[in-house]
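A short write-up of the structure that comes next.
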Amino acid sequence: MRMHRKSRLDERISACGDIVTVADLTDKNMKRAVLTPEYLPFNDIFGNENPIALEIGCGKGKFVCEMAKKNPNINFVACEKISNVLIEALERVKEEGLKNVYFLNCAGEVLEKYFKKGSVDVIYLNFSNPLPKEGYKKQRLTHPRFLSIYMGLLKDGGHIIQKTDDKDFYNFSLESYKEVGFTVLSTCENYQNPVENDVETEHERRFKDMGKPIYRIIVKV
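Numbering (the working numbering), first residue to last: 1 to 221.
Here it is, written out as structure tokens:
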């Protein structure tokens, strides 16, 4: 079911303009868009040179907000392409006064436009849409075409930490990581208890309450 557009959405996003970059993708050609870099000056945005962590598909922002509180010496950038969802995360950060969270309102295909090569320490993929139909395979956030982008963003030795409730997506992701050349550090097929410095997402709590197993993969460049 299609989500209703939230009231005063553009006005509310504009009010959070100091913590978000909204991609101007008037030109829908993503490949052409990344050819004109607009690298974000993260040292200026955050006022420091702390490590950068990137969450792709941040939803309403619970994970990134909780992680930012637990890790004040890490700068978190959260990407979400759906403005109607992103606004809740933006307003949450504003309300909580978090200074180490910044947002990108863009699709994963254009992340290279905003990040310099090798500038990210860790990428989080939390319960990305598994898009189970075969025709949507290239749209999955762990398809090799996306993983090649992430590999360019990550520092040497940088990590991707992925969680999903979908076994088929988990298996697809594992094969994709290996195909692109990531080193698989660990896998878990019934992840119930958070590891050190982890945060439970909204989806994760709901799936656990339903008794569903949670799958986790950690890989590195």
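Here a beta-carbon is modelled for each residue, glycine too, at the ideal position from N, C-alpha and C. Fair warning: this is a prediction, and the values are worked out from it, not measured in the lab.
D198 is the residue among L90, R206, K81 and D198 whose C-alpha sits nearest the C-alpha of K70. If you check the CB distance, T142 and S186 do not come in under 8 Å.
C-alpha of S119 to C-alpha of L153: approximately 6 Å in a straight line. Inter-residue distance for E91 and C16 is about 7 Å (C-alpha atoms, whole angstroms). The beta carbon of P51 is closer than 6 Å to those of I74 and D121 in its chain, skipping five residues each way along the sequence.
DSSP places V77 inside the beta strand (DSSP E), whose first and last residues are N75 to C79. Boundaries for A107: no alpha helix (DSSP H) harbours it, and the DSSP string shows neither H nor E there. By the Cβ criterion, the segment 55-65 is in contact with the segment 74-86, since at least three pairs of Cβ atoms, one from each stretch, lie closer than 8 Å. In summary, P37 is exposed, with fewer than 16 beta-carbon neighbours lying within 10 Å of its beta-carbon over all protein chains present. Note that the C-beta distance between I161 and I218 is below 8 Å. In the three-state reduction of the DSSP assignment, E189 falls in the coil class, being assigned neither a helical nor a strand state. E204 places its beta carbon less than 8 Å from that of I214. Secondary structure note for D44: it is in no beta strand (DSSP E), and the uninterrupted alpha helix (DSSP H) holding it is F42 to F46. For the pair E80 and L131, the Cα-to-Cα distance works out to about 17 Å. In the three-state DSSP reduction, Y39 falls in the coil class, being neither helix nor strand. When the beta-carbon positions are compared, S128 and N105 stay at least 8 Å from each other.
Pairing K138 with R145 gives a Cβ-Cβ distance under 8 Å. H4 counts as exposed, since fewer than 16 other C-beta atoms from the protein chains shown sit within 10 angstroms of its C-beta. In this structure, I19 is the residue among R216, I19, E179 and K116 with its C-alpha nearest to the C-alpha of V93.
At the C-beta level, R216 and F172 stay beyond 8 Å of one another.
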